[in-house]
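> Mind looking over this structure? Questions follow.
Number of protein chains: 2
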Amino acid sequence: MLLPIELAILDAGLTIQPREGSFFGFALARTLAERDGSALVSHGTLYRALNRMDAAGLLESEWEAPELAEADGRPRRRLYRVTGAGEAAFRAAARTEQQRGTVTGEALA
Amino acid sequence: MLLPIELAILDAGLTIQPREGSFFGFALARTLAERDGSALVSHGTLYRALNRMDAAGLLESEWEAPELAEADGRPRRRLYRVTGAGEAAFRAAARTEQQRGTVTGEALA
DNA sequence: GACTTATACGCACATAGGTGCGTATAGTCA
DNA sequence: TGACTATACGCACCTATGTGCGTATAAGTC
Chain E
18 MLLPIELAIL
28 DAGLTIQPRE
38 GSFFGFALAR
48 TLAERDGSAL
58 VSHGTLYRAL
68 NRMDAAGLLE
78 SEWEAPELAE
88 ADGRPRRRLY
98 RVTGAGEAAF
108 RAAARTEQQR
118 GTVTGEALA
Chain H
18 MLLPIELAIL
28 DAGLTIQPRE
38 GSFFGFALAR
48 TLAERDGSAL
58 VSHGTLYRAL
68 NRMDAAGLLE
78 SEWEAPELAE
88 ADGRPRRRLY
98 RVTGAGEAAF
108 RAAARTEQQR
118 GTVTGEALA
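In the order they appear, the protein sequences are chains E and H. Just so we're aligned, residue 18 is where the first sequence starts under the numbering used here, counting upward by one. Just so we're aligned, residue 18 is where the second sequence starts under the numbering used here, counting upward by one.
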């Protein structure tokens, strides 16, 4: 079963992905913090969840091109995309969880 | 004239450079902190000094290869080397400053 | 139902480079 | 010598990812 954090990551990821193509940990933390009013999820927990889901095949990832980070004068980002398996797992879990308000359901539209 | 920080950077840089080939800001901060007992120089001040000296031609710099940072699982480093002009400026300044104990003089050996 | 075990979590901190802002210090000029 | 200006400085914080450690919570076993 999907944990609440994993559900939230897939939810936010599937919302951002069609617009931006991919998403990364730090921005995701900001998004989740805004969504829940305050910083519900610590950075350590989020990055561990991302690695876990990457290893499990729910997400796929790659390092951003160094030139982009260099041009913006910031550290490199690790870019994530929700895989087919991730989306399937999300849709299955969201249907049962939506009534409890655990997810926004935004990505189900 | 060279500022104390700039003198310290050149001193440490010229000590490390023959061994390591180059040096970077974060390790330099550790070295200077150990040398003076405690953290005399804040990170912001150090990085600003490095940029200043880079622009002035006392140092030259390049970003580390992304693969190295990735293999070690850490952010990329900016690698600095003391230029000929930097070494000349250091030797000139160190001769007059050494009596006051401002530099270790290690790099003059 | 109690007892053990696995793991997800938050907190603190590390690694690396960098900016914004107010102050202190040094240098310049009248 | 006093006022005025430039800049170097420390402090706090930002961007981004990640680990170590102790705890809380859930799952599994007897």
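We treat Cβ as the ideally placed atom computed from N, Cα and C, and that holds for glycine. Since we're looking at a predicted model, the values are computed, not measured.
Please state if the CB of H/GLU81 and the CB of H/ARG94 are separated by a distance shorter than 8 Å.
Mapped onto the second sequence, residue 94 of chain H falls at position 77. Mapped onto the second sequence, residue 81 of chain H falls at position 64. Cβ atoms of H/ARG94 and H/GLU81: closer than 8 Å.
> Spell out the partners DSSP gives E/SER39 in its beta bridges.
Along the first sequence, one-based indexing puts residue 39 of chain E at 22. Note: E/SER39 sits in no beta bridge, so no partner.
> H/LEU49 and H/ALA73: beta carbons closer than 8 Å?
Your numbering for residue 49 of chain H matches position 32 in the second sequence. Your numbering for residue 73 of chain H matches position 56 in the second sequence. The answer is no: Cβ separation not under 8 Å.
> In the DSSP output, which residue or residues are listed as bridge partners for H/TYR97?
Position 80 of the second sequence, counted from the first residue, corresponds to residue 97 of chain H. Beta-bridge pairing links H/TYR97 to H/PHE40 and H/SER78.
> Are the C-beta of E/PRO92 and some C-beta of chain H separated by less than 8 Å?
Residue mapping note: residue 92 of chain E aligns to position 75 of the first sequence, counting from 1. For E/PRO92, the answer is yes, since a Cβ of chain H falls inside 8 Å of its Cβ.
> With a cut-off of 8 Å, does the C-beta of H/GLU87 fall near any C-beta of chain E?
Counting from 1 along the second sequence, the entry for residue 87 of chain H is found at position 70. Yes - at least one Cβ of chain E is within 8 Å of the one on H/GLU87.
> Answer yes or no: does any C-beta atom of chain H fall closer than 8 Å to that of E/ILE22?
Looking up residue 22 of chain E in the first sequence gives position 5. No, no contact with chain H.
> To the nearest angstrom, report how far apart H/ALA109 and H/ALA25 are at their CA atoms.
The sequence position of residue 109 of chain H within the second sequence is 92, counting from 1. The sequence position of residue 25 of chain H within the second sequence is 8, counting from 1. The straight-line gap from Cα to Cα measures roughly 14 Å.
> In or out: E/GLY38 buried (at least 16 other Cβ within 10 Å) or exposed?
What you label residue 38 of chain E is simply residue 21 of the first sequence in a count that begins at 1. Counting Cβ neighbours within 10 Å, E/GLY38 comes out exposed, since fewer than 16 surround it.
> For a test of the three-state rule: what should DSSP assign to E/ARG91, helix, strand or coil?
Within the first sequence, the letter at position 74 stands for residue 91 of chain E. If DSSP states are grouped into helix, strand and coil, E/ARG91 belongs with coil.
> Indicate whether E/ALA66 and E/ILE22 have their beta-carbon atoms separated by less than 8 Å.
Numbered from 1 along the first sequence, position 49 holds the residue referred to as residue 66 of chain E. Numbered from 1 along the first sequence, position 5 holds the residue referred to as residue 22 of chain E. Closer than 8 Å, so yes.
> Figure out for me which residue from H/THR32, H/GLU51 and H/PRO92 has the closest Cα to the Cα of H/ARG98.
Position 81 of the second sequence, counting from 1, holds the residue named residue 98 of chain H. Here the closest residue by C-alpha is H/THR32.
> Look up H/THR32 in the DSSP assignment and say whether it is helix, strand or coil.
For this step, residue 32 of chain H is matched to residue 15 along the second sequence. Here H/THR32 sits in helix by DSSP.
> So for E/MET18, helix, strand or coil by DSSP?
Locating residue 18 of chain E in the first sequence gives position 1, where the first residue counts as 1. DSSP places E/MET18 in coil when its eight states are reduced to three.
> Could you confirm whether any beta carbon from chain H is found closer than 8 Å to the beta carbon of E/PRO35?
Taking the first residue of the first sequence as 1, we reach residue 35 of chain E at position 18. Chain H, which has no Cβ nearer than 8 Å to the Cβ of E/PRO35, makes this no.
> So is H/LEU20 buried or exposed if we call it buried at 16+ other beta carbons inside 10 Å?
Counted from its first residue, the second sequence places residue 20 of chain H at position 3. Result: exposed.
> Quick one: what's got a C-beta closer than 8 Å to H/GLN34's C-beta in the same chain, skipping five residues either side?
Taking the first residue of the second sequence as position 1, residue 34 of chain H is located at position 17. Here the set comprises PHE40, ARG98 and VAL99.
> Find out if the Cβ-Cβ distance for the pair E/LEU76, E/MET70 is shorter than 8 Å.
Locating residue 76 of chain E in the first sequence gives position 59, counting from the first residue. Locating residue 70 of chain E in the first sequence gives position 53, counting from the first residue. Contact flag set, yes.
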